[in-house]
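In what follows, a single structure is set out as structure tokens and then discussed.
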Amino acid sequence: MNVLPYLLKGVQLTLLITLVGVLIGFVIGAFVGLARISNNKFIYGLATVYVEVVRGTPILVQILFIYFGFPDLLGITLDKVTASIIAIALNAGAYIAEIVRGSVESIEKGQREAGRSLGLSSTQTMRYIIWPQALRRMIPPLGNQFIISLKDTSLFSVIAVGELLYQGRQYSAATFTYFEPYLMVCALYLLITIPASVFLRRIERRLDR
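Here it is in structure tokens:
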């Protein structure tokens, strides 16, 4: 039995969960990050509770809670892949929220004053002046979060999601060989993360210029 085709199936699912999860996480993080700088104490409080709870608990606990806890509480059944995407989205969303908050707050106050002097509302100033500049500063840390989330998908093997590590474990269990499959698992993760890291460094250098 050739291990590579077996593992490539896991790579496809790993990338699917990561891409969809981080994309949803970005949407969540954008709203929560802006809520974290809101003057409304209620909105700020809700956003802060979400961020602190997610960042203060291990993602493995979150995975188990989403897959086993929610169905038990609500009387529903969650598909393993759906539960995985939800876990990545909620986890990444909390960290992305802090990236968004930090990036927006890093924009000089003079930019807001310039928007007001042009007759723009607070919303228009955020949309046309602050957000485009903040988005450029978010790109490097967002890329790092993507890599972190991709590696976190290895934890989904605990709920038998057929991602890369799970496929490697299944192959080992079927063939009683361990060195080759786990070496290939490491190699495939590196083949994804190293090019992504190089790409991010190039973007950072361009943004610095």
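Just so we're aligned, residue 1 is where the sequence shown starts under the UniProt record's numbering, counting upward by one.
C-beta atoms are modelled at their ideal positions from N, C-alpha and C, and glycine is treated no differently.
Short Cβ contact (8 Å threshold) for residue i with residue j
| i | j | result |
| --- | --- | --- |
| residue 153 | residue 57 | no |
| residue 44 | residue 171 | no |
| residue 20 | residue 146 | no |
| residue 94 | residue 55 | yes |
| residue 51 | residue 97 | yes |
| residue 142 | residue 99 | yes |
Alpha-carbon to alpha-carbon, residue j and residue i
| i | j | result |
| --- | --- | --- |
| residue 121 | residue 115 | 8 Å |
| residue 117 | residue 32 | 28 Å |
| residue 46 | residue 37 | 12 Å |
| residue 4 | residue 61 | 31 Å |
| residue 12 | residue 185 | 13 Å |
| residue 73 | residue 79 | 16 Å |
| residue 175 | residue 181 | 10 Å |
| residue 128 | residue 112 | 11 Å |
| residue 88 | residue 206 | 29 Å |
| residue 159 | residue 66 | 11 Å |
| residue 183 | residue 177 | 11 Å |
Where the alpha helix (DSSP H) through residue i begins and ends
| i | result |
| --- | --- |
| residue 70 | 70 to 74 |
| residue 42 | 41 to 55 |
| residue 178 | Run containing residue 178: none; DSSP gives neither H nor E here. |
| residue 93 | 80 to 106 |
| residue 144 | 131 to 152 |
| residue 226 | Nothing about residue 226 can be reported from this structure: the residues present for the chain run from 1 to 209 only. |
| residue 5 | 3 to 35 |
| residue 125 | 122 to 125 |
Sequence-distant residues of the same chain with beta carbon closer than 7 Å to residue i, five excluded per side
| i | result |
| --- | --- |
| residue 157 | 163, 165, 166, 169 |
| residue 137 | 103, 106 |
Proximity to residue i [Cα-Cα], best of the options
| i | options | result |
| --- | --- | --- |
| residue 84 | 3, 16, 28 | 16 |
| residue 202 | 140, 86, 24 | 140 |
| residue 144 | 8, 9, 11, 26 | 26 |
| residue 189 | 97, 55, 149 | 149 |
| residue 48 | 110, 29, 119 | 29 |
| residue 192 | 151, 178, 177, 81 | 151 |
Same chain, Cβ closer than 6 Å to residue i, neighbours up to 5 away in sequence not counted
| i | result |
| --- | --- |
| residue 204 | 140 |
Nonlocal neighbours in the same chain, by C-beta distance under 8 Å from residue i, ignoring five residues either side
| i | result |
| --- | --- |
| residue 155 | 59, 60, 63 |
| residue 124 | 115 |
| residue 131 | 104 |
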